[in-house]
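S.K.: Sequence order for the protein chains is A and B. Residue numbering for the first sequence follows the working numbering, starting at 199 and increasing by one per position. Residue numbering for the second sequence follows the working numbering, starting at 199 and increasing by one per position. Dropping a structure here in structure tokens format, bear with me for questions.
Protein chains: 2
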Amino acid sequence: MFSPKFVALVQALRGLPSVGQKTAQRMALQLLEHDREGAAQLARAIVAALEGIGRCESCRIFSETPVCPVCADNHRDATQLCIVESPTDWLAIEQSGAYQGLYFILSGHLSPLDGIGPEDIGIPELMNRLANSPVEEIIMATSATIEGEATAGYIMDRVDPARYKVTRLAQGVPMGGELEYLDAQTLSLALKSRRSV
Amino acid sequence: MFSPKFVALVQALRGLPSVGQKTAQRMALQLLEHDREGAAQLARAIVAALEGIGRCESCRIFSETPVCPVCADNHRDATQLCIVESPTDWLAIEQSGAYQGLYFILSGHLSPLDGIGPEDIGIPELMNRLANSPVEEIIMATSATIEGEATAGYIMDRVDPARYKVTRLAQGVPMGGELEYLDAQTLSLALKSRRSV
Ligand SMILES: [Zn+2]
Ligand SMILES: [Zn+2]
């Protein structure tokens, strides 16, 4: 009903998380009707992000430099390594302000039924990361879901318990809860009361 | 905390309607982490839309051609002109399938307190549109809000009641309701039972 280029724009906007047909249409109308400069800005920001943002060699977070600012910061405690499932979880922990160690960001969790194995989520890279590092404590901050627990278990089976202290976020994380939806205070508490496993 | 290009992307996404900081972050992460091809597609779709989509000379809806497909369709009834406040309202009526006439799309409604006068919403263009046309019935489909009613009243004061039959959508439109949120059936009924004013 609208022009083909409008339809294509709506279609592309629908690719954004939790954007359905109606919302995508409203977004496209808003961009064309009231915010053409904002739309141009968005297109430029996407292209710049795609071209300029890669992954940190060390922790795999998005980074514009080979090593991200967190990994490059020598005020961070390199003896602690916090393992998370996603950049969103990384962000949630960073924003809590309760953690001063380093990170390793997996690409999700193990899910054998979906054919997602250790290689798909970066576990070999994690093992390399651990091999040549001063890490003493591994903080398993995967989600408190069945898959998150299974992923943590899989990793724990493969690290030397004599060499590393392995901890898990405390019970403050609700069962089935995803880290990215937790408030900073709950996350802070869960980090502070983390326990050995 | 994230890289500057990521922050810029989040900022640009926040310009979309009803997208706050948290949602924008999730969108940016999704695009970079899981959907780089979709992100590139979105950037291209935005640029193509901005470059290729203008306004129909006749009704002012978004169009890739000087005259839009609706205005160019000689199966539509050129004696009826439906006046709406926005492309979204236009879309809602088109999707109801209940209307076969033509349109004129205003840029919103009059709002003297915000300094929005007749010239800002396209009323002079509407008068030109009426001047050289076979229009017999003007259907005022502005929103059932105070501003929508005031806009309809302003236009009605300026068209010759001897020359045009002027109608308004029937009471099916709830008071304070915005057209774009109505279901197609309610809109169909409101159109069918429109009344002379
Ligand atoms: Zn890093
Ligand atoms: Zn037109």
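C-beta atoms are modelled at their ideal positions from N, C-alpha and C, and glycine is treated no differently. Just so it is clear, the structure is predicted and the values come from calculations on it, not from any experiment.
Checking the sheet assignment: what are the DSSP bridge partners for residue 303 of chain A?
M.R.: Paired residue(s): A:282.
S.K.: Using a Cβ cut-off of 8 Å (strictly closer), state whether residue 236 of chain A contacts chain B.
M.R.: Yes, residue 236 of chain A lies at the interface with chain B (some Cβ there is under 8 Å from its Cβ).
S.K.: Taking the alpha helix (DSSP H) that residue 245 of chain B falls in, what are its first and last residues?
M.R.: 234 to 250 is the extent of the alpha helix (DSSP H) around residue 245 of chain B.
S.K.: Cβ closer than 8 Å: which chain A residues qualify as neighbours of residue 203 of chain B?
M.R.: What residue 203 of chain B touches in chain A: 243, 246, 247, 250, 251 and 262.
S.K.: So if DSSP puts residue 335 of chain B in a beta bridge, which residue, or which two residues, is it bridged to?
M.R.: DSSP lists B:278 and B:363 as partners of residue 335 of chain B.
S.K.: Measuring straight from C-alpha to C-alpha, what distance separates residue 385 of chain B and residue 317 of chain B?
M.R.: Residue 385 of chain B and residue 317 of chain B: Cα-Cα distance of roughly 29 Å.
S.K.: Looking at the secondary structure, which residues open and close the alpha helix (DSSP H) in which residue 211 of chain B lies?
M.R.: Start and end: 202 to 211.
S.K.: With DSSP collapsed to three states, give me the class of residue 309 of chain B.
M.R.: In this structure, residue 309 of chain B counts as strand in the three-state DSSP scheme.
S.K.: In the DSSP assignment, the alpha helix (DSSP H) including residue 327 of chain A goes from what residue to what residue?
M.R.: Here the alpha helix (DSSP H) through residue 327 of chain A covers 321 to 329.
S.K.: Find the nearest neighbour of residue 305 of chain B within the set B:283, B:215 and B:324, judged by alpha-carbon distance.
M.R.: The residue with the shortest Cα to Cα distance from residue 305 of chain B is B:283.
S.K.: Buried or exposed for residue 277 of chain B, going by 16 or more other Cβ atoms inside 10 Å?
M.R.: Per the 10 Å Cβ criterion, exposed.
S.K.: State the DSSP-derived secondary structure class of residue 392 of chain B, mapped to helix, strand or coil.
M.R.: Of the three classes helix, strand and coil, the one that applies to residue 392 of chain B here is coil, per DSSP.
S.K.: Anything in chain B within Cβ reach of residue 258 of chain A, meaning under 7 Å, just list it in chain order.
M.R.: Within chain B, no residue comes near residue 258 of chain A; the closest Cβ sits about 10 Å away, beyond 7 Å.
S.K.: Report the rounded CA-to-CA distance for residue 275 of chain B versus residue 298 of chain B, giving the unit in angstroms.
M.R.: Those two C-alpha atoms are separated by around 6 Å.
S.K.: Say yes only if the C-beta of residue 259 of chain A is nearer than 7 Å to one or more non-hydrogen atoms of ligand 1, and no if none qualify.
M.R.: Indeed, a heavy atom of ligand 1 lies less than 7 Å from the Cβ.
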